[in-house]
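K.L.:
If you read the sequences in order, they're chains A, B and C. Start counting the first sequence at 3; every next residue gets the next number (the numbering used here). Start counting the second sequence at 225; every next residue gets the next number (the numbering used here). Start counting the third sequence at 1496; every next residue gets the next number (the numbering used here). Pasting a structure here, questions to come.
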Amino acid sequence: MSAPVYEPYLRKPKTFYEQYERKSGDPTVTHYCPGCGHGELHKMIAEAIEDLEIADRTVFISPVGCSVFAYYYFDTGNVQAAHGRAPAVGTGVQRARPHSIVISYQGDGDLAAIGLNEILQAANRGEHMAVFFVNNAIYGMTGGQMAPTTLPGMHTTTSPGGRDPRKAGNPLRLCELISQLDAPVYVARGALSGPKHILRTRKLVRKALQAQVERRGFTFVEVLSACPTGWGMNPPDAHKWILEKMAEFFPLEVFVDKTDSEPEPFEIPEEPPAEKLHELLRISTAGQVTFSPSQPVEPKYANPRIKVAGFGGQGVLLLGLGLAQCGMMEGRKVSWLPSYGPEMRGGTAHCHVNVSDHEIGSPLISRPTVVVAMNQPSLEKFEPQLVEGGLLIVNTSMVPKEPSRSDLDVLKIPASDMAKELGNPRAANMIILGAYAAYTGMIGKETALASLNTLIKRKHLVDLNRKAIELGWEFGTKARG
Amino acid sequence: MAEQIYQPIPPDDPRYEGKTPLLVKGNEAIVKGAILAGCRCFFGYPITPASEIAETAARDFPAVGGTFLQAESETASINMLYGAAAAGVRAMTASSGPGISLMQEGLSYLAGAELPCVIADIMRGGPGLGNIAPEQGDYNQVVKIGGHGNYRNPVYAPSSGQEMCDLTMRAFETAFEYRTPVFVIADGFTGQMMEPVVFPDPLPKPPEPDWACRADAETRENLISSIFLEPDDLEEHNRKLQEKYRRIEENEALYQVFHVDDAKIVAVAFGIVSRVVRSAVELAREKGIPVGLVRPVTLWPFPKKTLEALAKQAERFVVFELSNGQMLEDVRLAIHDSRPVDFHGRMGGNVPSTEECLDVIERVAREGGVL
Amino acid sequence: MAERQDRGRVEINLDECKGCQLCITVCPVNCLEVTTKLNKQGYLPVDYKGSGCTGCGLCYYACPEPGAITVFRLKKSA
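Structure (structure tokens):
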């Protein structure tokens, strides 16, 4: 009879580097303490990555904690994240590279304390990532301080008298929290202790990663894991303690399993061709009509600095925008600045509009050459600011009071009444635009009418506004004499 | 290369040819510019006066096959940005002062891990909740950096709608050339203001970076990290960063000057304030005051050689800011305090008028005996 | 008559073992033991007793070191 032949059945997974490149320490062993659960979980994850053949497209997010150096071991893409932020970092990786398999590996301080918001929100969005949560009830890396998962009465360096739930709260049960959300497709808790639970945990790990390959959504596996050093126990006792004490508080269950449901269809959106971008961004100006500057303009009306003011709802900002739009269409420099910040108090709106043949310095107008007062408070506020001989346009429908200065060029127009007659009092602003254009010669009629295509988003209102501009134009022409 | 004069649209740039301007908000121009520069991921949390950036991004990024995600906080936004940048994709976020404060942790990690990305900061009044009116009080936390460690980040300070687009595009190029986070900072006015913007052709699609974790076989061995446990390693990493910052300082400083040739008084202002002061300088010149203006377009690197050179001819400097004098310190450093530096700062959201700035210039001229 | 063949065999890399003994606690057939010679890390490693292994693999999954334990199974004879 020939000698028995043995073939390897379980060996170091290929997902691990052969040698661990690090500055100090033996390159053949991990940096973890004897009996530490991280190594066991690493091995299960590495084995699953190898079996699922996903190492090339896996990006492993290392947290802050003892597993900060997980990238020493995993021969996958590796990204190291700030404390608690791995789910946000993983979100960024996954959204940027939708074909990636993202693994967020986190400890209890990282995930359940400083990063609680990030994990809950990523879970709630159903991010496509597998989260492995190592719960060892203590802060291992920093030397044994209290964790959010530290058991009541448990002694740590920051709960020297034992954790007092009245002051420090009770331990957080993360699986239970996360399973309250709608999106996660798999939420389970295992334990790295004893043959039964070790093998069960291995299955949970594989299932969570398998679900990523099938692109099902967010999977979360919490693992009760030994920290013999932090707990001050030998490894076999620490393993016993997991089942005897921790599992009592953290039940070992599968909380959510929707992994047989139909995964959503997965398509990576196609990158549009470069020549399409302007159109997609709505900034294409192909075929846009331009006008030559309206002229001649009397010097006193040239390069106006305009303030338009009135109640909110009178279309003050749109009138200002119209003035700027027309100026721009005629090749002039323009700026439009809405009232904003502390100026907005009091329910009135106003805007600053510059139209100029020269570069515009300050977009902010303190000494306007034109003021459009749509209501009484606007007249009171802005009339005094006008330059000597400036143009004051008054909507007399809403402003019973006479202007107080005598040096001004005043154009009185019952714009709101005219608009009412036209069928919509809100068209007063465009009546004034037409009147201003004709009165000053600063804007051509064709320009004003063409500007409506850009200004008026609701196309059925374009016609009304056309009429308003024509009416204002007529008024302005007559007033100019 | 030395500090360079910034030209908003170089006359010979074919990318702008055949295009007519559109009237758009500065905040929108940032988003369009970013996408034209190849940005395909946006992560952000709404905040006034930057919210239009997120709103425009919510429409525009999906329209071009990109990602828009409203994060749960600025802490999350900046870390999502870290993830997308680690994956080698052009990505950005936007916020205002309070949000930028929350991002400081992530910014330090981005700098440490040398990840390129763009952050837009539309500044508002502070400290604390302050208000939503325009200020420039984020200068210190953005330009002098607010995170931990030995890092710097380039900062572009647009002052017009066109520059909101152009400098955002440039920010992406700088970010990827040097592998660094880059800021675009403007005040609430520049964000809210509408001006004509000519949108250029998109930048050519950049090659896939070889250093990133792109989730493929080619980049599987890559590691994105800022941890260097050994003091010697971390010092070496820091020296490498400093060398990069030295190159950025040497090559990337941008500025504009107005009427400085014979100026005895040099005004310094950035962003929206530079436009107000420029108007005031024009008026002062009409009154015969020999004043000029230097406008830093990059706040880091700061155009300190330009200012240093001007200190030889100018008798006085005057700095205008929407803050308590945060850039002021950089001006004093740049000229080695060799000339008196006056300061006019407004806070709380008040923006000085042209006349107010003119008064300041006249007073400085009088007191300095320049008139 | 030949001895009954073991269904499995364990190979332990003595220098990679940290002596935590978790493998011993899970081994159902008690075929692992602590050795008496310190390894290069300064631990007393565990080793296979040389017989009795069933190839169940429990020691492998209980062991936190990626490469310390390799489990072999008897090749089904052709």
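Quick reminder that beta carbons are idealized off the backbone N, C-alpha and C, glycines included.
Rounded to the nearest angstrom, what separates Asn-377 of chain B and Arg-314 of chain B at their Cα positions?
P.N.:
17 Å
K.L.:
Below 9 Å on C-beta distance, what does Phe-18 of chain A contact in chain C?
P.N.:
Pro-1561 and Gly-1562
K.L.:
With distances taken Cα to Cα, identify the nearest neighbour of Leu-517 of chain B among B:Ser-450, B:Val-500, B:Ala-300 and B:Glu-401.
P.N.:
B:Val-500
K.L.:
Report, in whole angstroms, the separation of the C-beta atoms of Leu-339 of chain A and His-354 of chain A, which I expect to be a contact under 8 Å.
P.N.:
4 Å
K.L.:
Determine the chain A residues that contact Tyr-1538 of chain C at a beta-carbon separation under 9 Å, and present them in chain order.
P.N.:
Pro-36
K.L.:
For Arg-59 of chain A, which residues in the same chain have their Cβ closer than 7 Å to its Cβ, ignoring the five residues on either side in sequence?
P.N.:
His-101, Ser-102 and Ile-103
K.L.:
Ignore the nearest five residues each way along the sequence and tell me which others in Gln-480 of chain B's own chain have a CB closer than 7 Å to its CB.
P.N.:
Ile-229, Tyr-230, Arg-519 and Val-521
K.L.:
Smallest Cα separation from Ala-326 of chain A: which of B:Val-248, B:Glu-227, B:Lys-511 and B:Pro-232?
P.N.:
B:Val-248
K.L.:
When the Cβ atoms of the segment 1555 to 1566 of chain C are set against those of the segment 1508 to 1518 of chain C, are three or more pairs found closer than 8 Å?
P.N.:
yes
K.L.:
Using a 10 Å radius around the Cβ and a threshold of 16 neighbouring Cβ atoms, would you call Glu-536 of chain B buried or exposed?
P.N.:
Glu is not the amino acid found at residue 536 of chain B; the sequence shown has Lys there. The residue in question, Lys-536 of chain B, is exposed, as its Cβ has fewer than 16 Cβ neighbours within 10 Å.
K.L.:
Which residues in chain A sit within 9 Å of Thr-404 of chain B, going by Cβ to Cβ distance?
P.N.:
None at all; the shortest Cβ gap to chain A is about 17 Å.
K.L.:
Per the DSSP calculation, Tyr-479 of chain B is bridged to which residue(s)?
P.N.:
Tyr-479 of chain B pairs with B:Ile-229 and B:Pro-520.
K.L.:
Under the three-state reduction of DSSP, which class applies to Gln-108 of chain A: helix, strand or coil?
P.N.:
strand
K.L.:
For Lys-528 of chain B and chain A, any beta-carbon pair shorter than 7 Å?
P.N.:
no
K.L.:
On the criterion of 16 or more Cβ atoms from any shown chain inside 10 Å, does Arg-394 of chain B qualify as buried, or is it exposed?
P.N.:
It counts as buried.
K.L.:
Whose Cβ in chain C lies nearer than 7 Å to the Cβ of Asp-28 of chain A?
P.N.:
Correct list: Gln-1536.
K.L.:
Rounding to the nearest angstrom, what Cα-Cα distance links Lys-547 of chain A and Gln-1536 of chain C in this structure?
P.N.:
Here chain A has residues from 3 to 483 only, and residue 547 of chain A is not among them.
K.L.:
Can a CB atom of chain B be found closer than 7 Å to the CB of Gln-212 of chain A?
P.N.:
Taking a beta-carbon distance threshold of 7 Å, Gln-212 of chain A does not count as an interface residue toward chain B.
K.L.:
Taking the alpha helix (DSSP H) that Gly-373 of chain B belongs to, which residues open and close that run?
P.N.:
Taken as a continuous stretch (DSSP letters only), Gly-373 of chain B belongs to no alpha helix (DSSP H), as it is neither H nor E.
K.L.:
Could you tell me whether the Cβ of Ala-1573 of chain C comes closer than 7 Å to any Cβ of chain A?
P.N.:
Bear in mind that a pLDDT of 49 at Ala-1573 of chain C, under 50, signals an unreliable position, so the model cannot answer this.
K.L.:
Tell me which residue opens and which closes the beta strand (DSSP E) that Tyr-188 of chain A is part of.
P.N.:
188 to 193
K.L.:
Where does Lys-158 of chain A fall in DSSP's three states?
P.N.:
A quick correction: the sequence has Thr, not Lys, at residue 158 of chain A. Correct three-state label for Thr-158 of chain A: strand.
K.L.:
Mind checking if Leu-279 of chain A is an interface residue toward chain C, Cβ cutoff 7 Å exclusive?
P.N.:
no
K.L.:
Could you tell me whether any Cβ in chain B is nearer than 7 Å to the Cβ of Asp-419 of chain A?
P.N.:
For Asp-419 of chain A, no Cβ of chain B is located within less than 7 Å of the residue's own Cβ.
K.L.:
Of the choices A:Cys-229, A:Glu-266, A:Lys-260 and A:Glu-448, whose alpha-carbon is the least far from that of Met-248 of chain A?
P.N.:
A:Cys-229
K.L.:
Report the CB separation of Leu-201 of chain A from Ala-114 of chain A in whole angstroms; it is logged as a contact under 8 Å.
P.N.:
Not really, about 26 Å apart at Cβ, beyond 8 Å.
K.L.:
So which residues on chain A does Cys-1515 of chain C lean against when the C-beta distance must stay under 7 Å?
P.N.:
Pro-36, Gly-37 and Pro-237
K.L.:
Would you say Glu-1511 of chain C faces chain A, with C-beta separation under 7 Å as the test?
P.N.:
yes
K.L.:
According to the Cβ coordinates, are Ala-185 of chain A and Ala-300 of chain B closer than 7 Å?
P.N.:
no
K.L.:
Taking the straight line between their C-alpha atoms, what separation do you get for Thr-17 of chain A and Val-66 of chain A?
P.N.:
22 Å
K.L.:
Using 8 Å for Cβ pairs, my map puts Gly-436 of chain A next to Gly-391 of chain A. What's the rounded Cβ distance?
P.N.:
That pair is no contact at about 23 Å.
K.L.:
Quick check: the Cα distance between Leu-394 of chain A and Val-318 of chain A, rounded to an integer number of angstroms?
P.N.:
Across the structure, Leu-394 of chain A and Val-318 of chain A are spaced so that their CA atoms are roughly 15 Å apart.
K.L.:
In whole angstroms, what separates the C-alpha of Trp-435 of chain B from that of Pro-527 of chain B?
P.N.:
31 Å
K.L.:
With DSSP collapsed to three states, give me the class of Ala-395 of chain B.
P.N.:
Residue state for Ala-395 of chain B is assigned as helix, using DSSP reduced to three classes.
K.L.:
Mark Leu-353 of chain B as exposed unless 16 or more other C-beta atoms lie within 10 angstroms of its C-beta, in which case mark it buried.
P.N.:
exposed
K.L.:
Would you call the segment 415 to 428 of chain A in contact with the segment 302 to 311 of chain A, where contact means no fewer than 3 C-beta pairs closer than 8 Å?
P.N.:
Flag = no, the segment 415 to 428 of chain A and the segment 302 to 311 of chain A do not touch.
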